[in-house]
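Since the structure comes first, as structure tokens, the remarks are kept for the end.
Residue numbers (our numbering): 39 to 245.
Dropping the structure here:
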């Protein structure tokens, strides 16, 4: 008897790495629910939206096996020029969205009883802070900590939780940040498709 087709949710999938991951998973034969923020109910900083997103995947495809919490953004700014509104906004988009995506994906996966894969978007700055990227780095450190904690809490249910930590990938966000980012951490050195392949091959290769 053949196994059912796996189901994945990818947030932040309109452009760049998120889009590349969604396309790779679809090419690998998964059903993919790909989210981008401009669509109705796709703001994954809103708890009810995330609940509805998981419910949609389940009602449409019969379950949830993979959550890629890729939604996020960045800015380049000195600590002295960073406002509390900047901090709150970036943590809301980068960390809160990941927290909600992890939580409600895990709830569904535990209820199904067949394990699952949860993957978050960290960064090289999740391991080492860079000047002018303090807030962004802090959000990615937080995602790394969340990921490590979740992996220990949910491992008993057959759920693996990992985060990718790339350097600079050439995406529309990086292009928009432009020279200000390059002056801090250098030029982009990877393509979204390459990172998507690494993500799929390393974190999703096992059933």
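Beta carbons are placed, not taken as given, at the ideal position from N, Cα and C, and that holds for glycine.
Item to check | Contained beta strand (DSSP E) runs [length at least 3] in the region 146-173, N- to C-terminal order | outcome: 154-159
Item to check | Per-residue DSSP class, three states only, for residue 51 | outcome: The residue given as residue 51 occupies position 13 in the chain shown. Residue 51: coil per DSSP, three-state reduction.
Next on the checklist: I'd like to confirm the pairing. Which residues does DSSP put opposite residue 131 in its beta bridges?
Outcome noted: By one-based count along the chain shown, residue 131 stands at place 93. For residue 131, which the question treats as bridged, DSSP gives no partner whatsoever.
Checklist entry - For residue 198, which residues of its own chain have a beta-carbon under 6 Å away from its beta-carbon, when the five flanking residues on both sides are left out? => result What you label residue 198 is simply residue 160 of the chain shown in a count that begins at 1. Cβ within range, chain order: 155.
Item to check | Enclosing beta strand (DSSP E) for residue 104 [first to last residue] | outcome: Here residue 104 refers to the residue found at position 66 when the chain shown is read from its first residue. From DSSP, the beta strand (DSSP E) with residue 104 extends over 104-107.
Item to check | Whole-angstrom distance between residue 152 and residue 111, CA atom to CA atom | outcome: Counting from one through the chain shown, the residue named residue 111 turns up at place 73. Counting from one through the chain shown, the residue named residue 152 turns up at place 114. Cα to Cα, residue 111 sits roughly 32 Å from residue 152.
Checklist entry - Which whole-angstrom value describes the C-beta separation of residue 103 and residue 46, a residue pair presumed to lie in contact below a C-beta threshold of 8 Å? => result Locating residue 103 in the chain shown gives position 65, counting from the first residue. Locating residue 46 in the chain shown gives position 8, counting from the first residue. The Cβ separation is near 7 Å, so the contact holds.
Next on the checklist: Quick check on the DSSP output: the alpha helix (DSSP H) that includes residue 88 runs from which residue to which?
Outcome noted: Counted from its first residue, the chain shown places residue 88 at position 50. 85-99 is the extent of the alpha helix (DSSP H) around residue 88.
Checklist entry - Going along the chain, which residues of its own chain have a beta-carbon closer than 6 Å to the beta-carbon of residue 44, five neighbours each way excluded? => result One-based indexing of the chain shown puts residue 44 at position 6. Answer for residue 44: 68 and 103, listed in chain order.
Next on the checklist: Between residue 177 and residue 128, how many whole angstroms is the CB-CB distance? I'm expecting something under 8 Å.
Outcome noted: Taking the first residue of the chain shown as position 1, residue 177 is located at position 139. Taking the first residue of the chain shown as position 1, residue 128 is located at position 90. With 8 Å as the limit, residue 177 and residue 128 qualify as a contact, their Cβ atoms being about 6 Å apart.
Item to check | Nearest-angstrom Cα separation, counted from residue 168 out to residue 224 | outcome: As a working note, residue 224 is residue 186 in the chain shown. As a working note, residue 168 is residue 130 in the chain shown. The predicted position of residue 224 is uncertain, since its pLDDT is 47 and thus under 50; a value taken from the coordinates is nonetheless stated next. Between residue 224 and residue 168, the C-alpha separation is close to 11 Å.
Item to check | Alpha-carbon spacing of residue 95 relative to residue 118, whole angstroms | outcome: In the chain shown, counting from the first residue as 1, residue 95 sits at position 57. In the chain shown, counting from the first residue as 1, residue 118 sits at position 80. When rounded, the distance between both Cα atoms is 43 Å.
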